[in-house]
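Have a look at the structure below, then the notes.
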Amino acid sequence: IEDKPVTDKQVVAQMKEMFPILKGAKLVTSSSKPDAPYPFFHVQFHEGVRIGYADYTKKGGHLLSLLIERPIGKDRITQAQMKQKAEKAIKSFGFDDVELVEIRENHLVWHVVFVRINPTNNARIYADGIQMKLAKDDGEVLGINTMEYIQKETLPEQKTVTIDWKEFFTDQVTLENERLAYTENEQLQQRLCYEVLLLKETKDE
């Protein structure tokens, strides 16, 4: 990270702006240990029924992680509402180059994953991910992890090879969607690949 250093007061102000519900929280701020990959400020907070922490890098004040613990009510929002809230939140945090690619759930929270989109070819960079946790009762952001996104993979130039999918697959397969994505090979190198969604016809016997 080559950004200018920030102070703990700047980080606290930024946290309260990003998460307005914590504006009146009681705070304790400390610094990361010397061996941390990215030196950061650790902000512990307590606001009503909410307790948790947030970590921000000392250079640039980038959000690294957030965790909020609070009771989950009995109300439930729909998956469509949750998706809308997640996408609105991720943009409000300043991550405007990502796309929602995965949704999972348990009985209390939704877990979603965003990945960075390469602007030169619109390919998904799965190694540059952001994980987010949202409450099922109202969609409040209860957790976020941006470490993979902050590290940002170096992408070597790679040519795409045009594939005739009709020749590649059998007649029983229909190509529903095709796009580019970067995935790691055995040497941990980012390789440009095709990501395809297929529909295969089957006959019941």
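First residue of the sequence shown: 113, per my numbering; consecutive thereafter.
Idealized CB from N, CA, C, for every residue including glycine.
Just so we're clear, the structure is a prediction, and the values are computed from it rather than from any experiment.
Between which two residues does the beta strand (DSSP E) harbouring residue i extend?
{"i": "Thr294", "result": "Before going on, a small fix: residue 294 reads as Tyr here, not Thr. From DSSP, the beta strand (DSSP E) with Tyr294 extends over 285–296."}
{"i": "Tyr165", "result": "162–169"}
{"i": "Lys245", "result": "236–247"}
{"i": "Ile229", "result": "221–229"}
{"i": "Glu211", "result": "210–217"}
By a C-beta neighbour count over all protein chains shown, 10 Å radius and 16 as the cutoff for buried, is residue i buried or exposed?
{"i": "Thr258", "result": "buried"}
{"i": "Thr169", "result": "buried"}
{"i": "Val227", "result": "buried"}
{"i": "Val210", "result": "buried"}
{"i": "Asn297", "result": "exposed"}
{"i": "Arg216", "result": "exposed"}
{"i": "Trp222", "result": "buried"}
{"i": "His219", "result": "exposed"}
{"i": "Asp240", "result": "buried"}
{"i": "Lys245", "result": "buried"}
{"i": "Leu300", "result": "exposed"}
{"i": "Val155", "result": "buried"}
{"i": "Gly251", "result": "buried"}
{"i": "Arg236", "result": "buried"}
{"i": "Val161", "result": "exposed"}
{"i": "Lys278", "result": "exposed"}
Return the first residue and the last residue of the alpha helix (DSSP H) that residue i is part of.
{"i": "Gln270", "result": "Premise fails: Gln270 is in no alpha helix (DSSP H) and is neither H nor E."}
{"i": "Lys195", "result": "191–204"}
{"i": "Lys186", "result": "Lys186 -> no alpha helix (DSSP H), and no H or E assigned at all."}
Kindly indicate which residue of the options has the alpha-carbon position closest to the one of residue i.
{"i": "His158", "options": "Tyr150, Leu176, Glu181, Ser142", "result": "Glu181"}
{"i": "Asp167", "options": "Val161, Tyr150, Gly160", "result": "Tyr150"}
{"i": "Lys248", "options": "Ala192, Gln156, Lys271", "result": "Ala192"}
{"i": "Glu269", "options": "Asn230, Lys278, Asp283, Asn289", "result": "Asn230"}
{"i": "Thr141", "options": "Leu134, Pro132, Val123", "result": "Val123"}
{"i": "Thr266", "options": "Arg303, Asp208, Lys135, Gly164", "result": "Arg303"}
{"i": "Tyr238", "options": "Thr282, Ala293, Ala198", "result": "Ala293"}
{"i": "Thr274", "options": "Lys312, Glu260, Cys305, Gly206", "result": "Cys305"}
{"i": "Glu290", "options": "Asp276, Ala198, Lys171, Lys135", "result": "Asp276"}
{"i": "Val118", "options": "Ser143, Thr295, Glu288, Asp208", "result": "Ser143"}
{"i": "Leu178", "options": "Ile184, Phe205, Leu311", "result": "Phe205"}
{"i": "Phe281", "options": "Leu311, Thr272, Gly255", "result": "Leu311"}
{"i": "Thr295", "options": "Glu307, Glu288, Glu114, Val285", "result": "Glu307"}
{"i": "Thr232", "options": "Lys271, Gly255, Ile242", "result": "Lys271"}
{"i": "Pro183", "options": "Leu254, Ile242, Lys138", "result": "Leu254"}
What are the partner residues of residue i, as DSSP defines its beta bridges?
{"i": "Pro132", "result": "Note: Pro132 sits in no beta bridge, so no partner."}
{"i": "Tyr306", "result": "Leu292"}
{"i": "Thr141", "result": "Val155"}
{"i": "Leu175", "result": "Tyr168"}
{"i": "Gly255", "result": "Leu179, Lys245"}
Counting only the same chain and skipping the five closest in sequence on each side, list residues whose C-beta sits under 7 angstroms from that of residue i.
{"i": "Glu214", "result": "Val224, Val225"}
Can you find the residues in the same chain that come closer than 8 angstroms, C-beta to C-beta, to residue i, ignoring five residues on each side of it along the sequence?
{"i": "Lys264", "result": "Arg228, Asp240"}
{"i": "Phe152", "result": "Ser143, Ser144, Asp167, Tyr168, Thr169, Lys170, Leu176"}
{"i": "Leu134", "result": "Met127, Lys128, Phe157, Glu159, Arg162"}
{"i": "Lys195", "result": "Leu212, Ile215, Val224"}
{"i": "Lys116", "result": "Lys171, Gly172"}
Leaving out five residues before and five after residue i in sequence, what residues of the same chain have Cβ atoms less than 6 angstroms from its Cβ?
{"i": "Ile332", "result": "Outside the modelled stretch of the chain, which goes from 113 to 317, sits residue 332, for which no answer is possible."}
{"i": "Gln126", "result": "Gly173"}
{"i": "Val285", "result": "Leu310, Lys312"}
{"i": "Gln243", "result": "Val225, Asn257"}
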